[in-house]
Amino acid sequence: MSQEVVMTSGSGGRALLLGIDLGTARTAVVSNRSLRALIGSVVGYPKDIIGVKILNRTQVIGMEAIEKRSCLDLHYPLQDGVLKEASDKDLEAAKELLRHLVTLADPKAGDKVCGIIGVPARASVANKGQLLKIAGELMDIAMVVSEPFMVAYGQNRLNNAIVVDVGAGTIDLCALRGTVPTPESQVSILKGGNYIDRLLESAIRDAYAGVQMDRYLAQAIKERHAFVGPAEQKIVVPMRLNGKPAELDVTEAVRLTCETIVVDIVENIKRMVLLFDPENQSEALANLILAGGGSRIRGLGAMIEAQLRDYGPVRVTAVADPEFAGADGALRLAMELPPEYWDQIGEKVGN
0 MSQEVVMTSG SGGRALLLGI DLGTARTAVV SNRSLRALIG SVVGYPKDII
50 GVKILNRTQV IGMEAIEKRS CLDLHYPLQD GVLKEASDKD LEAAKELLRH
100 LVTLADPKAG DKVCGIIGVP ARASVANKGQ LLKIAGELMD IAMVVSEPFM
150 VAYGQNRLNN AIVVDVGAGT IDLCALRGTV PTPESQVSIL KGGNYIDRLL
200 ESAIRDAYAG VQMDRYLAQA IKERHAFVGP AEQKIVVPMR LNGKPAELDV
250 TEAVRLTCET IVVDIVENIK RMVLLFDPEN QSEALANLIL AGGGSRIRGL
300 GAMIEAQLRD YGPVRVTAVA DPEFAGADGA LRLAMELPPE YWDQIGEKVG
350 N
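Numbering-wise (numbering that gives the first Met the number 0), the sequence shown opens with residue 0 and increments by one.
If you want it as structure tokens, here you go:
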């Protein structure tokens, strides 16, 4: 998907367009020059001079930072899908993460860097403003839009459809009614993949005394085995009990923790349906779109359909590429709508 876009105003230079799905756990970035990258949303800083010597760097970004976490202080600049503003270091990490994304796109002299960045459906005005301030220092034009809207745009499902974007920090729902979604037609649930990870870690600890467990292991188990509903087979994973190797059955722990998000999703879909005109509600229920990493939870679509059966025929489909569906939608929007008109869609900075 490589394409040059000429700016229609200003100097007439080439536009480097970026679609960015800025996630709590992972960030996807694509460009109109064929960049396609997925990185961990984490920045690591060496704990001391030994870490600097080992790494020969003063910061590490992405999954490498997690792999080398023993000698790093890790900063996840996003929490519940939005910028953390707890400390200057968190904001610095957010800027370094965005700078890394722009660097990956390899801008050339004379390029005008223009990026569309996805944020949770109900991100606050203040948080979006802080993100735009950072992005404005790294890009010529930047805009923030809701992540489920980016998914819908990329799937060309902009009318009589509902997107359910199950991310690490939030679950975002958006009712698409043929217009740019309003705040009232979107909702963010503060239960996503990280929430499941925490519950799963606790559940396995409770089931097996002396098990050696942390958030990263819980996440790895979830990402490989997540399911809801009847188990197809037992989930047995190699772990350690008091330092000794053991094979542990975590089937029920995985099922129960994954199912904790279903009630919230179903109840909010029911609320979203009421936003559509009565004659369009059946079509909307036949166009439920699952996106985000959580869309890979086996059986999730079928369970949602079963719990909505009283509403008539319901059809849930999952996007083909959950890691990049949001970023691809953002890039498609950027390529179809010249950057000077972006403020008609969302908040924008730059010219």
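C-beta: ideal position from N, C-alpha, C; glycine also. Keep in mind that this is a model prediction, so the values were computed, not measured.
Backbone CA spacing between residue i and residue j [nearest angstrom]
i: G135; j: V235; result: 48 Å
i: L289; j: V163; result: 5 Å
i: G349; j: A14; result: 13 Å
i: M0; j: P45; result: With a pLDDT of 41 at M0, under the threshold of 50, the modelled position of this residue cannot be trusted; read the value that follows with caution. Their backbone Cα atoms lie some 37 Å apart in a straight line.
i: P277; j: L131; result: 38 Å
i: L34; j: A104; result: 6 Å
i: E322; j: A141; result: 21 Å
i: C173; j: Q185; result: 4 Å
i: N193; j: F275; result: 31 Å
i: D248; j: P337; result: 54 Å
i: V210; j: L137; result: 45 Å
i: E66; j: E200; result: 19 Å
i: Q154; j: L330; result: 12 Å
i: G298; j: S86; result: 40 Å
i: Y310; j: V165; result: 22 Å
i: D72; j: L96; result: 15 Å
i: I49; j: M62; result: 20 Å
i: K107; j: G177; result: 37 Å
i: L198; j: I133; result: 33 Å
i: L157; j: M149; result: 10 Å
i: G228; j: A167; result: 21 Å
i: A225; j: V262; result: 17 Å
i: G328; j: G242; result: 46 Å
Residues near residue i in its chain [Cβ-Cβ closer than 6 Å; skip 5 each side]
i: I60; result: V42, H99
i: T181; result: none
i: L287; result: I161, V315
i: I38; result: T26, G61
i: E282; result: N159
i: W341; result: M142, K347
Bridge partner(s) assigned by DSSP for residue i
i: E346; result: V143
i: C70; result: According to DSSP, C70 bridges with nothing at all.
i: Q185; result: C173
i: G114; result: L17, A141
i: K246; result: Contrary to the premise, residue 246 reads as Glu rather than Lys in this sequence. P237.
i: D164; result: D171, A290
i: L77; result: L82
i: R156; result: According to DSSP, which records beta bridges pairwise, R156 is partnered with nothing at all.
Residue i in three-state terms, based on DSSP
i: L353; result: Nothing about residue 353 can be reported from this structure: the residues present for the chain run from 0 to 350 only.
i: T316; result: strand
i: V41; result: coil
i: S10; result: Confidence is the limiting factor: at S10 the pLDDT is only 42, short of 50, which leaves the residue's position unreliable, though a coordinate-based value still follows. The answer is coil: DSSP assigns S10 none of H, G, I, E or B.
i: A24; result: coil
i: L307; result: coil
i: S123; result: coil
i: L274; result: coil
i: V227; result: coil
i: R295; result: helix
i: R56; result: coil
i: A108; result: coil
i: V210; result: strand
i: S33; result: coil
i: P180; result: coil
i: F323; result: coil
i: D89; result: helix
i: D196; result: helix
Own chain partners of residue i with C-beta closer than 7 Å, once the 5 adjacent residues on each side are dropped
i: A245; result: M238, R239
i: A206; result: A252
i: A333; result: L16, G18, C113, I115
i: V81; result: V118, P119, A122, N126
i: Q2; result: With a pLDDT of only 46 at Q2, under 50, the local geometry of the prediction cannot be trusted, and no value is derived from it.
i: D89; result: H74, P76, K83
i: V179; result: I344
i: S294; result: V165, A317, V318, P321
i: T169; result: D79, G80, P119, S187, I188, L189, G191
i: I296; result: A225, F226, V227, C257
Assigned exposure category for residue i - 16 Cβ within 10 Å defines buried
i: D20; result: buried
i: Q232; result: exposed
i: I188; result: buried
i: S8; result: Since pLDDT at S8 reaches only 38, below the 50 mark, its modelled position is unreliable, and no value is offered.
i: K347; result: buried
i: Q343; result: exposed
i: S40; result: buried
i: G109; result: exposed
i: R56; result: exposed
i: A64; result: buried
i: I53; result: exposed
i: D47; result: exposed
i: A324; result: buried
i: P147; result: buried
i: G291; result: buried
i: L273; result: exposed
Proximal residues to residue i (C-beta, below 8 Å), its chain only, five neighbours per side dropped
i: L307; result: V265, I268, K269, L284, V313
Chain C within 8 Å of residue i, Cβ atoms only
i: L199; result: Checking the listed chains, one finds no chain C in this structure; it contains a single protein chain.
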